[in-house]
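Residue numbers (this note's numbering): 264 to 415.
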């Protein structure tokens, strides 16, 4: 059961780090150091070139993920934060694979608001697929409650 809750925690960490770094230029280590637990900082994460409206929304998304992580931490035993590669090069590989050929110029989620919004759909979509797949495997009220809070 807790293996799937740990998956939720890793996905929330991934989303939170991506949103916070892109909107604010820093991540969990500064916003909620108690959640970062001294694990390795992400590779290649940086502040994106976002317009004011998009930056405001992405900032809220980042803080929302911090809230999810706090709930998960209070319910699930701690796990180390994995090293995450949020570099433009890594996103370019993902988008090249999705399109079936190398994009020219290479995809860069930090380039502008439109590129960022496209990239920001990748992480929550992967999380949603993971949540749906894990739901039948969650046993008991406690695990289902964590799942429910995560998906509000």
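A virtual CB, placed ideally from N, CA and C, is assigned to each residue, including glycine.
Spatial neighbours of residue i within its chain, please: CB distance less than 7 angstroms, with the 5 preceding and 5 following residues excluded, ordered by chain position.
i	result
residue 353	307
residue 336	298
residue 277	347 and 386
Quick one: measure Cβ to Cβ for residue i and residue j, integer angstroms, because I've assumed they're closer than 8 angstroms.
i	j	result
residue 301	residue 291	Between residue 291 and residue 301 the Cβ distance is about 11 angstroms, and since that is not below 8 angstroms, they are no contact.
residue 313	residue 350	About 18 angstroms separates the two Cβ atoms, so there is no contact after all.
residue 345	residue 273	6 angstroms
residue 317	residue 380	7 angstroms
residue 295	residue 329	5 angstroms
Assign residue i to buried or exposed, taking buried as 16 or more other Cβ atoms, counted over all protein chains shown, within 10 Å of its Cβ.
i	result
residue 305	buried
residue 361	exposed
residue 319	exposed
With a CB to CB cut of under 8 angstroms and the five nearest residues on each side skipped, what residues in its chain are close to residue i?
i	result
residue 356	none
Worksheet item: Of all the alpha helix (DSSP H) runs that stay within the bounds of the stretch 301–344, which reach a length of 4 or more residues?
Response: Runs found: 315–338.
Worksheet item: Per the contact definition of three or more C-beta pairs closer than 8 angstroms, is the stretch 308–328 in contact with the stretch 372–379?
Response: In short, these stretches touch, since the Cβ pair count reaches three.
Discussion item. Quick test of the definition: if touching needs 3 or more C-beta pairs under 8 angstroms, does the stretch 321–328 touch the stretch 357–365?
Written reply: no
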